[in-house]
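Below is one structure, written out as structure tokens; the observations come after it.
Numbering (my numbering), first residue to last: 4 to 271.
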């Protein structure tokens, strides 16, 4: 083996190690693995499989979107799907990315003002989560985003922050902070929205707190209850993050903190 062959072998070894470090589901999402040259049925594609799986999950929940059920929806055998998707976990990763889709375009105001931009971005992420509640629990939280649409959303958030004096690290951290905020809010709202009567649920909770608190025990909680902190009024299950004051309050406080950091940088 000459030096060139040895170098080639070394590069191929590095490529194999690099490829092995990427989860199979991420490789599939980015199209980094060879696709079948001839599918078992004309027109069968990975995108079509993902779309069919998302439709089943939206209608009946994630558990219903088994490989067998998706194959049935597409009129192919279950084994045919395995030419495109290796496992159910891989399919779920693709489904989550496909369900959320690419970020919508920014309105003019969001182009000019970073705070308005992040507010729009937050609401767009929340709207996508509410549209596909089964996907919320499967949004990766143990590390940075890696799938195409998730990275497109991160890229848009960085674009929104482009003219701020934040460091690149701080811009990424800000985007992840806002993303985690909306995910937490949506998770809570979906749990409460699962009740057929949110107003009744909150009224019962308020009455429970009044029973277990008084001036001598949990006095500050008692004051909060009597001050209407847990009143829902005529609230209905939320359709997007801007429908609840709690969403606006949490987001605006996060943005206040980012604005304080930005203003401090500009004074330095």
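All C-beta atoms, glycine included, are put in the ideal place defined by N, C-alpha and C. Only a predicted model underlies this, so the values are computations on that prediction, with no experimental measurement involved.
Can you tell me whether residue 217 is helix, strand or coil according to DSSP? One-based indexing of the chain shown puts residue 217 at position 214. For residue 217, the secondary structure class from DSSP, reduced to helix, strand or coil, is strand.
Is residue 221 near the ligand FMN - that is, is its Cβ less than 8 Å away from at least one heavy atom of it? Summarising the ligand content, the structure contains no ligands, and the ligand FMN is consequently not present.
Taking C-beta to C-beta, are residue 102 and residue 134 nearer than 9 Å? Residue 102 sits at position 99 when you count from the first residue of the chain shown. Residue 134 sits at position 131 when you count from the first residue of the chain shown. Contact annotation: residue 102 and residue 134 have beta-carbon atoms nearer than 9 Å.
With a threshold of 6 Å on Cβ separation, who are the neighbours of residue 261 within its own chain once the five nearest residues in sequence on each side are excluded? Start at 1 with the first residue of the chain shown, and residue 261 comes out as number 258. Here the set comprises 177.
Just reading off the alpha helix (DSSP H) that residue 233 is part of, what are its end residues? For the purposes of this step, residue 233 is taken as residue 230 along the chain shown, with counting starting at 1. In the DSSP annotation of this structure, residue 233 is not part of any alpha helix (DSSP H), being labelled neither H nor E.
If you compare alpha carbons, which of 216, 64, 91 is closest to residue 138? The residue labelled residue 138 in the question sits at position 135 within the chain shown. Answer by Cα proximity: 64.
Helix, strand or coil at residue 57 according to DSSP, with G and I counted as helix: Numbered from its first residue, the chain shown carries residue 57 at position 54. Here residue 57 sits in helix by DSSP.
Considering only the beta carbon of each residue, do residue 56 and residue 29 sit closer than 9 Å? The residue labelled residue 56 in the question sits at position 53 within the chain shown. The residue labelled residue 29 in the question sits at position 26 within the chain shown. Cβ distance not < 9 Å, so residue 56 and residue 29 don't count as in contact.
Do residue 150 and residue 77 have their C-beta atoms within less than 9 Å of each other? Translated into the one-based positions of the chain shown, residue 150 becomes position 147. Translated into the one-based positions of the chain shown, residue 77 becomes position 74. Taking C-beta atoms as the reference points, residue 150 and residue 77 fail to come closer than 9 Å.
Simplified DSSP assignment, three categories, for residue 25: Locating residue 25 in the chain shown gives position 22, counting from the first residue. Coil at residue 25, not helix or strand.
Taking only three categories from DSSP, how would you classify residue 68? Residue numbering aside, residue 68 sits at position 65 when the chain shown is read from its first letter. Three-state DSSP puts residue 68 in coil, outside helix and strand.
Spatial neighbours of residue 155 within its chain, please: CB distance less than 7 Å, with the 5 preceding and 5 following residues excluded, ordered by chain position. The count along the chain shown starts at 1 and reaches residue 155 at position 152. Same-chain partners within the cutoff: 105, 106.
Three-state secondary structure (DSSP) at residue 87? In the chain shown, counting from the first residue as 1, residue 87 sits at position 84. DSSP places residue 87 in coil when its eight states are reduced to three.
Inspect the CB distances between the segment 227–235 and the segment 204–213 and report whether three or more fall short of 8 Å. Contact holds: three or more Cβ-Cβ distances are below 8 Å.
Backbone CA spacing between residue 26 and residue 99 [nearest angstrom]: For the purposes of this step, residue 26 is identified with residue 23 of the chain shown, where counting begins at 1. For the purposes of this step, residue 99 is identified with residue 96 of the chain shown, where counting begins at 1. If I take the Cα positions, the gap works out to 15 Å.
Pairwise C-alpha distance: residue 122 and residue 192: By one-based count along the chain shown, residue 192 stands at place 189. By one-based count along the chain shown, residue 122 stands at place 119. Each residue's alpha carbon lies about 18 Å from the other.
How many whole angstroms separate the CB atoms of residue 85 and residue 254, which I take to be in contact at a CB cut-off of 8 Å? Walking along the chain shown from the start, residue 85 turns up at place 82. Walking along the chain shown from the start, residue 254 turns up at place 251. With a Cβ gap of about 42 Å, residue 85 and residue 254 do not count as contacting.
In the structure shown, what three-state DSSP assignment does residue 268 receive? Numbered from its first residue, the chain shown carries residue 268 at position 265. Reduced to three states, the DSSP call for residue 268 is helix.
Pull up the distance between the alpha-carbon of residue 160 and that of residue 222, whole angstroms please. Position 157 of the chain shown holds residue 160. Position 219 of the chain shown holds residue 222. Our two residues, residue 160 and residue 222, have alpha carbons roughly 42 Å apart in a direct line.
Proximity to residue 184 [Cα-Cα], best of 269, 256, 271: Locating residue 184 in the chain shown gives position 181, where the first residue counts as 1. Of all alpha-carbon atoms in 269, 256, 271, the one lying nearest the alpha-carbon of residue 184 is that of 256.
Buried or exposed: residue 171, going by 16 or more other Cβ atoms within 10 Å of its Cβ? Residue numbering aside, residue 171 sits at position 168 when the chain shown is read from its first letter. That one is exposed.
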